[in-house]
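Report on the following structure.
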Amino acid sequence: MRICLIGPIHGGLGTTGVNTFNEVLAKALSEMAHSVELGIPKQTFNLQAAELSAKMTGLQTFYLDGLIPGRAPQSFIKGIPLEQQLHRYDVIIVSGGGMDFGKILRASQGKRVLIWTHGMLGSPLNQWDGKEMLCPGVSYVCINKEHMQQAHDLGLDSVAVPMSLPIPFHERTVQCAGGFCAAVGNLEYRKNYTRVAEIVQCLGKKTKVYGVPLDSNVKQIFEQNDCLEYCGTVPNETLLDNIAEADFLIHAATTEGRPVAVLEAMGLGVPVIVPDTPLYREFVDPNRNVLIDPNCPAGEQLAKVDLKALCKIKNREALAAETHDKYGIENFKNQLECLLDEELL
């Protein structure tokens, strides 16, 4: 089966989220004996990552111009129109926001298209209309119950496939708590770093934050809170090493599909402190992690939790093992195989 995966890729540059997931997805598909090529939306910041990803995954990679809204369409790879490029594949998988989905769907010309919904249904970032969303041959792969309900309400053909841990995680040894906390995510408003700072102050622990600086208002939060240490971006392996030694990973965003950084932390045995919302309740065990109401003061809720017990190596090892069982790459590949079999029937 020939598959084209269109979406952003991190290339080991120390970012997480959809970029990380796409690399896992590409590698999983190729390990399932499918012929997979990566179509990378051409953006300046993404070019180095794409080149590194081609080396990491061993997959053929090509760039696609004109998929980013607000940028003038340019020629596609070697001047080949998108319709001709996509005509070579049996299945086209689209994963990531901020792209012109309408252009991809029109160019697919009746091919089977799978669109992974990373919290993006109805997002103003995505250029499409209702008719295009409902065109024949398009299925929406939802990673949580809320997205499934959204897709159902919109009348979309949808299936559920949860996220997966990156492949090397089973090879890592669970580390003891190192006396600090970590947070991962680009410095942007929706990551809710004001809440992260509140939680950190309650914990009284230095917190290392990894991500790309984007929002000047968020930068001010760091300048006003000595407890937050901005560490920028680091190579992906280094990032995972640093997270593995943290007491907790703190994640306060409430508008994401299924935060990969949270799943990664639990796979490393690091308990997470996250909002108590339906999204997180789906995959975060409250007995091994901390869920707090995002609308109530953090201090009162944290005071009721035995944080020391959660940091003990016994809890960390159990958390890592349980996360691997539920979100290991083999389970993910089995679900992908079933999904692709159904799509081609």
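Residue numbering for the sequence shown follows numbering that gives the first Met the number 0, beginning at 0 and increasing consecutively. Idealized CB from N, CA, C, for every residue including glycine.
- Beta-bridge partners assigned by DSSP to Cys141: Thr116 and Ala159.
- For the options Arg287, Asn185, Asn21 and Ala297, the alpha carbon positioned closest to that of Pro274 is the one of Ala297.
- The beta carbon of Trp115 sits closer than 6 Å to the beta carbons of Ser94 and Val140 from its chain, once the five residues preceding and following it are set aside; these are given in chain order.
- Taking C-beta atoms as the reference points, Gly256 and Ile92 fail to come closer than 8 Å.
- At a Cβ-Cβ threshold of 8 Å, Leu63 and Pro40 count as neighbours.
- Relative to Gln84, the option among Val304, Tyr209, Gly268 and Ile2 whose CA is nearest is Ile2.
- The continuous stretches of beta strand (DSSP E) do not include Ala32, and DSSP gives it neither H nor E.
- Membership of Tyr88 in any alpha helix (DSSP H) is not indicated, and neither H nor E is assigned to it by DSSP.
- With a cutoff of 8 Å on beta-carbon distance, Lys218 and Asn241 are scored as not near each other.
- When the beta-carbon positions are compared, Ile249 and Ala182 come within less than 8 Å of each other.
- Look at Lys303 here: in three-state DSSP terms it is coil, with no helix or strand label.
- Taking a contact as a CB-CB distance under 8 Å, the pair Pro285 and Asn314 does not count as one, their CB atoms being some 13 Å apart.
- Assignment of beta-bridge partners to Ala182 by DSSP yields Val208.
- By the Cβ criterion, the region 288-304 is not in contact with the region 222-229, since fewer than three pairs of Cβ atoms, one from each stretch, lie closer than 8 Å.
- Contact check for Val160 against Leu335 passes: the beta carbons are separated by less than 8 Å.
- DSSP places Arg1 within a strand segment (E or B) once states are collapsed to three.
- Remark: three or more beta-carbon pairs, one from each stretch, lie closer than 8 Å, so the region 170-185 and the region 233-247 are flagged as touching.
- Less than 8 Å divides the Cβ of Gly136 from the Cβ of Gly109.
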